[in-house]
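Notes to accompany the following structure.
Numbering (my numbering), first residue to last: 22 to 494.
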């Protein structure tokens, strides 16, 4: 049961409220108790003042001592016991309280002090012991009459009764408040978490086959709304990744099937009859060898991209001269280009030290040059330029080939994408490439892995222009 967030929220809410209510109740009870006891003391002081004023006035008018004292104590109600003692401590007059409780003679220190003296005493009343508050004061009536000691006492019972009422009230209010707050907290938690339950139910129904579905977003500005929006963004990325993976698998299957079909056909044709000449067997093996090499290059490219996707194709940086690497790649591509009658030239460049993965950058250059050579007819040219810019280094590979149609340019870096599949395979066979449409994808990944970029830029003349931008190191 405690595994439920709703229950835990409710218990936390009730627990915190219980601490607050208990603390408030204790503080309230202490405040009321202090106020009642202070009121009791104030009433006793007021009663002493009443008796003193009456006694002084009566004695000043010449009334007899006992009569004046009796009139003074009779000014009080019967809830209080009052008495007047002379300077010797003898009782002059008194008024017992209800229940026959008499005022006791004052303590010795009360006979000498002019201030009001307060104390608590325990008395017998009706066979029970009761606590009473006693106030006493020494009052100078006149020079002739001398001083008298006034004593007034009152029971604590009214105070304890009121405090009992307060306790009973708190005993009812606090549990009732906790019960109501628990029910309210349960309702609020259930209402607040209803969107979470809805998101959970919707997420449970989302699988690989329906990743296009999204979670409901109630209020996009609150925490749950932002959570749902973030989860929807995750679903969008997963859907894109799954779609990309499905397309990758379908394209890969198609690309792998083509060389395998050619190899199988060559084998079947060669073996379908006996008596083949050595030249026929050699031609068949040559076809099989070419397709096997192409198949190997496709698998290697796919493996490179797969490792890059999961972050396992790490860089192995070292220090080298980028201008020398460009020259080496151009010379290697020039051997293949010569078969088609395509020239590869490199613009003069100054020494360019660079820190990066030399092997991957060589592959990027060879992929760009291979792509340029494949799509440049005989008699055409490919030019490579290494230059510095404000942002870093730019490697430009341009050709005088057929160019890329405008509608195909946004997809040119997609995996397995080819503008003209038949032409790409034929050109790849002639140039020694795979023709699977992975070269530009790998080249862009290599540039981005080095903190740069690869883009197709508009060409002023026929052909295509690719620019690889790398940061200065």
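For every residue, glycine included, the Cβ atom is placed at its ideal position computed from N, Cα and C.
Does the separation of the CB atoms of residue 71 and residue 49 fall below 8 Å? No, the Cβ-Cβ distance between residue 71 and residue 49 is not below 8 Å.
- [ ] Report yes if the CB atom of residue 311 is closer than 8 Å to the CB atom of residue 344, and no otherwise.
- [x] Not in contact: residue 311 and residue 344 (Cβ atoms no closer than 8 Å).
Practice prompt. List the whole-angstrom C-beta distance separating residue 414 from residue 351, where the pair is believed to meet the contact cut-off of C-beta under 8 Å.
Written response: Actually they do not touch by this definition, with Cβ atoms about 16 Å apart.
I believe residue 489 touches residue 468 by the beta-carbon criterion, under 8 Å. Please report the beta-carbon distance rounded to the nearest angstrom. With a beta-carbon spacing of about 5 Å, residue 489 and residue 468 fall inside the 8 Å limit used to define contacts.
| task | Could you tell me if residue 449 is buried or exposed, where buried requires 16 or more neighbouring beta carbons within 10 angstroms of its beta carbon? | result | Confidence at residue 449 is low in this model, with a pLDDT of 46, below 50, so the placement of that residue should be treated as unreliable; the coordinate-derived value is given next. With 16 or more neighbouring CB atoms inside 10 Å of its own CB, residue 449 falls in the buried class.
For a minimum of 3 consecutive residues, which ranges assigned as the beta strand (DSSP E) are wholly contained in the stretch 317 to 365? Along the length of the stretch 317 to 365, whole beta strand (DSSP E) runs at least 3 residues long occupy 339 to 342, reported in chain order.
List the DSSP bridge partners of residue 416.
DSSP output for residue 416 lists 407, 489 as bridge partner(s).
(request) Grab me the residues of residue 112's own chain with a C-beta within less than 8 Å of its C-beta, minus the 5 sequence neighbours each way, in chain order. (result) For residue 112, where only same-chain residues beyond five positions count, the Cβ hits under 8 Å are 104, 105, 106, 126.
Check: Taking residue 76 as the reference, which of 347, 88, 67, 66 has the closest Cα?
Finding: It is 88 whose Cα lies nearest to the Cα of residue 76.
- Consider the Cβ of residue 56: report whether some Cβ of chain D lies at a distance smaller than 8 Å. Among the chains in the structure shown there is no chain D, since it carries only a single protein chain.
Note down the Cα distance separating residue 356 from residue 418, rounded to an integer number of angstroms.
-> Roughly 17 Å between the two C-alpha positions.
| said: Excluding the 5 residues flanking residue 299 on each side, which residues of the same chain have their C-beta closer than 8 Å to its C-beta? | reply: Result list for residue 299: empty, nothing under 8 Å.
**Pick from 327, 204, 79, 86 that is closest to residue 466, judged by C-alpha positions** = Selection 327, 204, 79, 86 evaluated against residue 466 yields 327 as nearest (Cα-Cα).
inquiry  = Just verifying my parser: in three-state terms, what is the DSSP assignment at residue 94?
reply    = Residue 94 falls in the helix class under three-state DSSP.
### Task
Please report how far the alpha carbon of residue 227 lies from the alpha carbon of residue 234, in whole angstroms.
The straight-line gap from Cα to Cα measures roughly 7 Å.
- request: Starting from residue 125, trace the alpha helix (DSSP H) both ways and give me its first and last residue.
  value: Where residue 125 is concerned, there is no enclosing alpha helix (DSSP H), given that its DSSP letter is neither H nor E.
Residue 203, enclosing alpha helix (DSSP H) - first and last residue: In this chain, the alpha helix (DSSP H) harbouring residue 203 covers 178 to 226.
Nearest to residue 261 by alpha carbon, out of 230, 236, 280?
By alpha-carbon distance to residue 261, the top candidate from 230, 236, 280 is 230.
Worksheet item: Exposed or buried, residue 240, counting other C-beta atoms within 10 Å across all chains shown (16 or more means buried)?
Response: The residue is exposed, with fewer than 16 neighbouring Cβ atoms inside 10 Å.
(Q) Contact between the stretch 32 to 46 and the stretch 193 to 201 is defined here as three or more beta-carbon pairs at a separation below 8 Å; is this criterion met? (A) Counting Cβ pairs under 8 Å, three or more are found: they touch.
### Backbone CA spacing between residue 396 and residue 232 [nearest angstrom]
Their backbone Cα atoms lie some 39 Å apart in a straight line.
Requested in this report: Report yes if the C-beta distance between residue 458 and residue 436 is below 8 Å; otherwise report no.
Outcome: Taking the C-beta atoms as reference points, residue 436 is found nearer than 8 Å to residue 458.
(message) Determine whether the beta carbon atoms of residue 91 and residue 118 lie at a separation below 8 Å.
(response) Cβ distance not < 8 Å, so residue 91 and residue 118 don't count as in contact.
- Please go through the same chain and pick out, in chain order, the residues whose beta-carbon is closer than 7 Å to the beta-carbon of residue 433, but skip the five residues on each side of it. For residue 433, where only same-chain residues beyond five positions count, the Cβ hits under 7 Å are 425, 461, 477.
| task | Might you give, ordered along the chain, the residues of its own chain that have their beta carbon closer than 6 Å to the beta carbon of residue 223, omitting 5 neighbours on each side? | result | Taking C-beta separations shorter than 6 Å and ignoring five residues to either side along the sequence, the partners of residue 223 in its chain run 236, following chain order.
Discussion item. Using a 10 Å radius around the Cβ and a threshold of 16 neighbouring Cβ atoms, would you call residue 35 buried or exposed?
Written reply: By the 10 Å Cβ count, residue 35 comes out buried.
Residues near residue 410 in its chain [Cβ-Cβ closer than 8 Å; skip 5 each side] = The beta carbon of residue 410 sits closer than 8 Å to the beta carbons of 490 from its chain, once the five residues preceding and following it are set aside; these are given in chain order.
Among 301, 358, 278, 353, nearest to residue 320 - alpha-carbon criterion
Looking at the Cα atoms, 278 is the closest of the given residues.
Q: Name the two residues that bound the continuous alpha helix (DSSP H) containing residue 84.
A: Careful: residue 84 lies outside any alpha helix (DSSP H) and carries neither H nor E.
Same chain only: Cβ atoms within 6 Å of residue 381, ignoring 5 sequence neighbours per side:
Cβ neighbours of residue 381 beyond the five flanking positions: 467.
If you run the structure through DSSP and keep just helix, strand and coil, what is residue 436? Reduced to three states, the DSSP call for residue 436 is coil.
To the nearest angstrom, how far is the alpha carbon of residue 137 from that of residue 181? Between residue 137 and residue 181, the C-alpha separation is close to 24 Å.
Requested in this report: Could you tell me if residue 486 is buried or exposed, where buried requires 16 or more neighbouring beta carbons within 10 angstroms of its beta carbon?
Outcome: Within 10 angstroms of the beta-carbon of residue 486 lie 16 or more other beta-carbons, which makes it buried.
message = To the nearest angstrom, how far is the alpha carbon of residue 68 from that of residue 173?
response = For residue 68 and residue 173, the distance between alpha carbons rounds to 7 Å.
query: Applying the criterion that 16 or more other CB atoms from any shown protein chain within 10 Å of the CB defines a buried residue, is residue 208 buried or exposed?
result: Taking all protein chains in view, the Cβ of residue 208 is surrounded by fewer than 16 other Cβ atoms within 10 Å, so the residue is classified as exposed.
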